[in-house]
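Everything in the sequence shown is counted per the numbering used here, starting at 58 for the first residue and increasing by one.
Have a look at the structure below before the remarks.
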Amino acid sequence: MYDLVIKNGKIIDGTGSPSFWADIAIENGKIAKIDKRIEGGKEVIDATGLTVTPGFVDSHGHADNAFLEYPDLIEKIEQGITTTVGGQCGDTKAPIGKDVLKEAPVPVGNFGTNHEVYRTMGTLLDIAKELPQGTNSLTFVGHSGLRSAAMGMEDREPTKEELETMKSLLREAMEHGAIGVSFGLFYAPGCFSKTDEVKELAKVAADCGGMISAHIRDEGYFAYKAVEEMINVAKYSGARCVLSHHKAEYKENWGKVNHTLRMIDEANAEGYDIYCDVYPYNASHTRLSAMVIPGEFRTEGDAGIVRHLHNEDVRQEIKNYLKKKYGEDYSWIQVTICQAYPEYEGKTIPEIAKIHGTDCYDAMFDIIRDSKNICSACYFTMCEEDIETVLAHPRAMVCTDSSVAAANKVYHPRLRATFPRVLGKYVRERKVTTLVEMIRKITAMPAAVYGLKNKGLLREGFDADICIFDENTIIDRASFADCTKRAEGLNYVILGGQVVVENAVYNGKKMGRILLRNE
Ligand SMILES: [Zn+2]
Numbered sequence: 058m059y060d061l062v063i064k065n066g067k068i069i070d071g072t073g074s075p076s077f078w079a080d081i082a083i084e085n086g087k088i089a090k091i092d093k094r095i096e097g098g099k100e101v102i103d104a105t106g107l108t109v110t111p112g113f114v115d116s117h118g119h120a121d122n123a124f125l126e127y128p129d130l131i132e133k134i135e136q137g138i139t140t141t142v143g144g145q146c147g148d149t150k151a152p153i154g155k156d157v158l159k160e161a162p163v164p165v166g167n168f169g170t171n172h173e174v175y176r177t178m179g180t181l182l183d184i185a186k187e188l189p190q191g192t193n194s195l196t197f198v199g200h201s202g203l204r205s206a207a208m209g210m211e212d213r214e215p216t217k218e219e220l221e222t223m224k225s226l227l228r229e230a231m232e233h234g235a236i237g238v239s240f241g242l243f244y245a246p247g248c249f250s251k252t253d254e255v256k257e258l259a260k261v262a263a264d265c266g267g268m269i270s271a272h273i274r275d276e277g278y279f280a281y282k283a284v285e286e287m288i289n290v291a292k293y294s295g296a297r298c299v300l301s302h303h304k305a306e307y308k309e310n311w312g313k314v315n316h317t318l319r320m321i322d323e324a325n326a327e328g329y330d331i332y333c334d335v336y337p338y339n340a341s342h343t344r345l346s347a348m349v350i351p352g353e354f355r356t357e358g359d360a361g362i363v364r365h366l367h368n369e370d371v372r373q374e375i376k377n378y379l380k381k382k383y384g385e386d387y388s389w390i391q392v393t394i395c396q397a398y399p400e401y402e403g404k405t406i407p408e409i410a411k412i413h414g415t416d417c418y419d420a421m422f423d424i425i426r427d428s429k430n431i432c433s434a435c436y437f438t439m440c441e442e443d444i445e446t447v448l449a450h451p452r453a454m455v456c457t458d459s460s461v462a463a464a465n466k467v468y469h470p471r472l473r474a475t476f477p478r479v480l481g482k483y484v485r486e487r488k489v490t491t492l493v494e495m496i497r498k499i500t501a502m503p504a505a506v507y508g509l510k511n512k513g514l515l516r517e518g519f520d521a522d523i524c525i526f527d528e529n530t531i532i533d534r535a536s537f538a539d540c541t542k543r544a545e546g547l548n549y550v551i552l553g554g555q556v557v558v559e560n561a562v563y564n565g566k567k568m569g570r571i572l573l574r575n576e
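This is the structure:
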């Protein structure tokens with residue numbers, strides 16, 4: 058008797074082959090049999106009229122932030138994500154920065170202090186791998202973490218010793234199961250590194266059998282140069298490379314993705330493994346300071362930013378910088394988290410400035426300063442056409458690009474709705490590509506790219522991580538005004554052979570775990 062039989066479903070198996078009608082039997086967490094008609098089963102799901110696919114793989118999900126603090130990963134599993142890849146954009150919880158080590162240790166749940174738990178990626182993974190998770194997770198180690206552990210937030214090249222420290226911390230992370238190194242060359246302190254440093258570390262990852270990913274240095278005016286830099290790093294190191302959240306920011310740059318995707322194609326034709334991922338929204342989301350405070354004022358972390366924003370001369374200097382960079386219009390910034398002024402959450406900068414009684418610049422500086430830099434926003438800088446172009450590209454995977462710890466009603470809806478949105482809005486309504494091809498791009502392809510064994514396909518012997526949905530109705534409901542709304546048309550999510558989500562509601566069973574490289 059099988060544990061579970063899914064009957065009468067339309068199977069899209071992840072390979073890119075056409076759909077077919079069959080039953081699927083599950084036993085001991087694995088797909089035991091796929092056949093025209095399977096009888097018996099302690100539990101039976103009637104999938105008549107529904108589509109059955111492998112569970113979705115979130116190519117870029119920042120879930121390393123949640124390993125210990127928020128292991129349910131509800132927002133992931135409730136949109137059909139059965140594996141999420143974390144640790145991107147250079148930014149990982151571990152290793153802990155040199156500056157942070159100077160401060161008094163703070164407890165991390167029951168796991169010890171931050172100094173112990175997050176000391177290295179190895180110490181974090183050793184604890185996290187023992188904890189059941191709401192979905193499967195794996196992680197890169199972040200270059201910014203390595204760099205801040207070796208040399209703090211300083212804006213200079215590393216000494217030879219400091220580079221060696223970074224390399225040995227990277228090797229330690231790889232030995233403990235990290236999948237590679239991620240770069241965040243837009244953020245501090247990643248932005249302080251020169252290409253040579255990036256190449257050296259990518260080479261170490263490759264030598265350990267790992268891969269690389271990058272939030273490139275610039276996603277707008279200098280996007281071509283930034284993509285070229287990472288392609289060169291991939292060529293030098295030989296590492297497989299994923300370019301994160303591919304896009305072209307600001308109106309003047311819209312359309313540039315056509316060229317950058319061609320650059321990816323050309324590198325692949327030369328024998329290098331380059332991919333990208335994309336989220337299906339025209340707005341990005343990050344800390345407000347990352348967009349408005351220049352690198353030179355971010356060298357001392359949050360405390361330094363707050364201190365600089367008390368200084369009138371610095372504020373004037375940043376004002377001039379912003380006027381040159383973005384002009385006078387800030388209606389494209391919508392604040393999502395603002396610790397000091399929660400009443401501003403969900404409002405645009407001009408709306409906030411009006412209530413705040415200042416111009417847009419002082420409003421932004423005040424809310425960053427008074428929130429001690431715990432202040433994030435959405436940035437409406439992309440165009441629909443580019444999103445569709447990237448989504449349709451055969452080497453583009455799909456990502457939420459979202460960590461899960463935020464419970465705010467006002468947040469980026471990609472947190473909750475990315476995959477139902479891709480299937481409903483972009484495949485069914487906009488027809489950017491076929492359903493069969495999109496399923497391949499969100500299952501088998503990322504499983505292959507990230508080296509996931511026995512995942513990403515509906516195939517006998519593979520892990521029973523499965524989504525069952527109505528391809529005619531599946532759609533996202535979360536929005537920029539309310540990101541808590543669940544998707545519709547997603548009937549079941551099965552993880553490790555167990556139903557964990559019914560009608561987009563998670564039942565609390567933690568069937569996921571931390572996946573280690575080469576496990
Ligand atoms: Zn990023």
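Backbone N, C-alpha and C define an ideal beta-carbon position, used for all residues, glycine too.
For this session: Could you tell me if THR222 is buried or exposed, where buried requires 16 or more neighbouring beta carbons within 10 angstroms of its beta carbon?
Result: buried
Exercise. Do GLY191 and LYS567 come within 9 Å of each other at the CB atom, strictly closer than that value?
Worked result: yes
Problem set entry | Integer Cβ distance of LYS7 from GLY554, believed to fall under 8 Å | Residue coverage of the chain in this structure runs from 58 to 576, which leaves residue 7 outside it and unanswerable.
For this session: Return helix, strand or coil for THR393, following the three-state DSSP convention.
Result: strand
Exercise. Just checking, does the stretch 281-299 make contact with the stretch 337-344 on the three C-beta pairs under 8 Å criterion?
Worked result: no
Problem set entry | CB contact check: ALA474 to chain D, cutoff 9 Å | You won't find chain D in this structure, because it holds only one protein chain.
Exercise. So, do the stretch 404-420 and the stretch 313-330 have three or more beta carbon pairs nearer to each other than 8 Å?
Worked result: no
Problem set entry | Whole beta strand (DSSP E) elements within the stretch 425-453, 3-residue minimum | 432-437
For this session: Please report the Cβ distance between ALA123 and SER460, rounded to the nearest whole angstrom; I am assuming they are in contact, meaning their Cβ atoms lie under 8 Å.
Result: 6 Å
For this session: Give me the Cα-Cα distance between THR72 and ALA360, rounded to the nearest whole angstrom.
Result: 50 Å
For this session: Report the residue from ASP527, GLY199 and ALA291 whose alpha carbon sits nearest the alpha carbon of GLY147.
Result: GLY199
Exercise. Which runs of the alpha helix (DSSP H), 4 residues or longer, sit entirely within the stretch 223-268?
Worked result: 252-264
Exercise. Does ligand 1 have even one heavy atom less than 8 Å from the beta-carbon of GLY237?
Worked result: no
Problem set entry | Top-ranked residue by Cα proximity to LEU547, from ASP533, ASP539 and ALA538 | ASP533
Exercise. Between the C-alpha atoms of VAL479 and VAL489, what's the straight-line distance to the nearest angstrom?
Worked result: 9 Å
Exercise. With respect to 8 Å, is the separation between the Cβ of PHE243 and the closest non-hydrogen atom of ligand 1 below this value?
Worked result: yes
Exercise. Candidates LYS308, ARG213 and ASP423: which alpha carbon is nearest VAL349's?
Worked result: ASP423
For this session: Determine the burial state of PRO470: buried for a count of at least 16 other Cβ atoms within 10 Å of its Cβ, exposed for fewer.
Result: buried
For this session: Run the CB neighbour count on ILE412, radius 10 Å, all protein chains shown included, and call it buried at 16 or more, exposed below.
Result: exposed
For this session: Give the single residue among ILE551, GLU286 and LYS429 whose Cα lies nearest to the Cα of PHE526.
Result: ILE551
Exercise. How big is the Cα-Cα spacing for ARG452 and TYR332?
Worked result: 5 Å
Exercise. Is any heavy atom of ligand 1 found at a distance shorter than 8 Å from the C-beta of ASP115?
Worked result: no
For this session: Report yes if the C-beta distance between ASP235 and GLU276 is below 9 Å; otherwise report no.
Result: Sequence inspection shows Ala at residue 235; the Asp mentioned does not correspond to that position. Taking 9 Å as the Cβ cut-off, ALA235 and GLU276 do not qualify as a contacting pair.
For this session: Just list the beta strand (DSSP E) runs in the stretch 106-135, keeping only unbroken ones of 3 residues or longer that don't cross its boundaries, in chain order.
Result: 108-111 and 113-115
Exercise. Nearest to TYR59 by CA position, among GLU559, VAL562, LYS67 and GLU96, is which residue?
Worked result: GLU96
Exercise. If you measure from the CB of SER301, is any heavy atom of ligand 1 nearer than 8 Å?
Worked result: yes
Exercise. What are the uninterrupted segments assigned as beta strand (DSSP E) that are 3 or more residues long and contained completely in the stretch 276-350, given in chain order?
Worked result: 298-300, 331-335 and 340-344
For this session: Verify the contact flag: HIS272, CB atom, against every heavy atom of ligand 1, threshold strictly below 8 Å.
Result: yes
Exercise. Under 8 Å from any heavy atom of ligand 1, does the C-beta of GLN145 make it?
Worked result: yes
For this session: Report the rounded CA-to-CA distance for SER201 versus THR491, giving the unit in angstroms.
Result: 38 Å
For this session: Could you tell me which residues DSSP puts in a beta bridge with TYR549?
Result: ILE525 and GLU559
For this session: Compare the beta carbon distance of THR584 and GLY518 with 9 Å and say whether it is the shorter of the two.
Result: Because the chain here runs from 58 to 576, residue 584 falls outside it and cannot be looked at.
Exercise. Of all the options CYS395, ALA263 and GLU214, which has the alpha carbon lying nearest to the alpha carbon of PRO246?
Worked result: GLU214
For this session: Please report the residue range of the beta strand (DSSP E) in which LYS64 lies.
Result: 61-68
For this session: Using DSSP bridges, identify the partner residues of ASN193.
Result: THR140
Problem set entry | Per-residue burial, THR180 [other beta carbons within 10 Å of its own, 16 or more giving buried] | buried
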